[in-house]
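Here the structure is laid out as structure tokens; the discussion comes afterwards.
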Ligand SMILES: C[S@@+](CC[C@H](N)C(=O)[O-])C[C@H]1O[C@@H](n2cnc3c(N)ncnc32)[C@H](O)[C@@H]1O
């Protein structure tokens with residue numbers, strides 16, 4: 181990325197610290213204090229939220245839920261910040277962080293639902309640890325998710341889908357679901373979902389609650 185763009189991204193992040201939280205460790209166990217609604221509001225988390233289309237649209241449709249997105253690329257999250265700011269969506273918070281550290285940001289059972297939307301597939305075996313559905317990430321999600329909280333993966337990548345069936349399904353309670361997404365039911369699409377669907381790619385999902 182050009183130096184000018186890096187600076188721009190940095191400025192957008194710094195100028196919008198009400199949306200993009202500087203030090204998420206300060207809110208560990210207390211994210212509901214940032215919700216404009218009552219203390220019973222739910223918290224939904226998207227790991228690798230990209231440019232924030234899904235989060236922002238979901239938040240507009242579900243004003244009683246606090247949506248938190250984590251995205252490690254500054255150049256990408258600044259697009260999400262701009263979206264949230266321009267549409268004045270109060271119930272979205274963003275973290276320009278690596279999901280690697282989510283246990284520093286969220287306490288035990290703090291999250292109601294985790295979305296893993298179109299994560300980078302990292303096809304090489306030596307990069308397996310970077311996949312957001314690898315066991316070391318799943319162990320962390322299990323800690324921060326409520327009992328009976330929901331984890332949901334969506335991907336167009338068949339290899340990552342098969343890998344994730346092996347890593348996720350053994351950890352789930354009966355009643356989990358997986359397969360090809362049925363687009364007869366209206367849903368909020370993510371940025372990548374729209375792109376992949378336009379290319380005609382089938383989209384797969386896995387959804388359930390940890391044992
Ligand atoms: C393929 S994009 C998908 C974006 C969005 N979820 C969507 O469906 O349109 C994956 C995003 O995850 C981010 N990402 C990958 N690994 C991450 C990690 N460990 N922590 C935070 N973000 C991560 C990448 O920077 C990228 O923007």
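In my numbering, the protein residues as written are 181 to 391. Note that CB positions come from ideal geometry on N, CA and C, so glycine has one too.
Over what stretch of residues does the alpha helix (DSSP H) that includes residue i continue unbroken?
i, result
"residue 319", "315-324"
"residue 257", "254-266"
"residue 239", "233-241"
"residue 283", "282-285"
How many angstroms separate the CA atom of residue i from the CA atom of residue j?
i, j, result
"residue 192", "residue 300", "25 angstroms"
"residue 305", "residue 339", "12 angstroms"
"residue 332", "residue 185", "33 angstroms"
"residue 375", "residue 363", "14 angstroms"
"residue 359", "residue 187", "42 angstroms"
"residue 189", "residue 251", "13 angstroms"
"residue 294", "residue 200", "19 angstroms"
"residue 344", "residue 382", "16 angstroms"
"residue 289", "residue 266", "32 angstroms"
"residue 314", "residue 203", "26 angstroms"
"residue 278", "residue 317", "11 angstroms"
"residue 196", "residue 283", "24 angstroms"
"residue 168", "residue 233", "Given that the chain is displayed from residue 181 to residue 391, the structure contains no residue 168 and the question cannot be resolved."
"residue 221", "residue 255", "30 angstroms"
"residue 242", "residue 235", "10 angstroms"
"residue 308", "residue 302", "7 angstroms"
"residue 346", "residue 377", "25 angstroms"
"residue 205", "residue 325", "17 angstroms"
"residue 211", "residue 269", "17 angstroms"
"residue 379", "residue 298", "15 angstroms"
"residue 349", "residue 271", "31 angstroms"
"residue 328", "residue 357", "14 angstroms"
"residue 259", "residue 244", "24 angstroms"
"residue 311", "residue 336", "14 angstroms"
In terms of DSSP beta bridges, what is residue i paired with?
i, result
"residue 390", "352"
"residue 272", "247"
"residue 359", "385"
"residue 200", "274"
"residue 330", "293"
"residue 347", "Answer by DSSP bridge pairing: none, since residue 347 is not bridged."
List the whole-angstrom C-beta distance separating residue i from residue j, where the pair is believed to meet the contact cut-off of C-beta under 8 angstroms.
i, j, result
"residue 223", "residue 261", "Not really, about 19 angstroms apart at Cβ, beyond 8 angstroms."
"residue 296", "residue 228", "7 angstroms"
"residue 263", "residue 246", "Actually they are not in contact, since the Cβ atoms of residue 263 and residue 246 sit about 17 angstroms apart, beyond 8 angstroms."
"residue 276", "residue 291", "No, residue 276 and residue 291 are not in contact; Cβ-Cβ is about 19 angstroms, not under 8 angstroms."
"residue 230", "residue 372", "7 angstroms"
"residue 389", "residue 330", "6 angstroms"
"residue 341", "residue 384", "4 angstroms"
"residue 334", "residue 361", "7 angstroms"
"residue 396", "residue 351", "This structure cannot settle anything about residue 396, because the visible part of the chain is limited to 181 through 391."
Locate the beta strand (DSSP E) running through residue i, then write down its first and last residues.
i, result
"residue 210", "That residue, residue 210, is in no beta strand (DSSP E); it is neither H nor E in DSSP."
"residue 297", "291-297"
"residue 226", "222-227"
In this structure, how does DSSP classify residue i when only helix, strand and coil are distinguished?
i, result
"residue 374", "helix"
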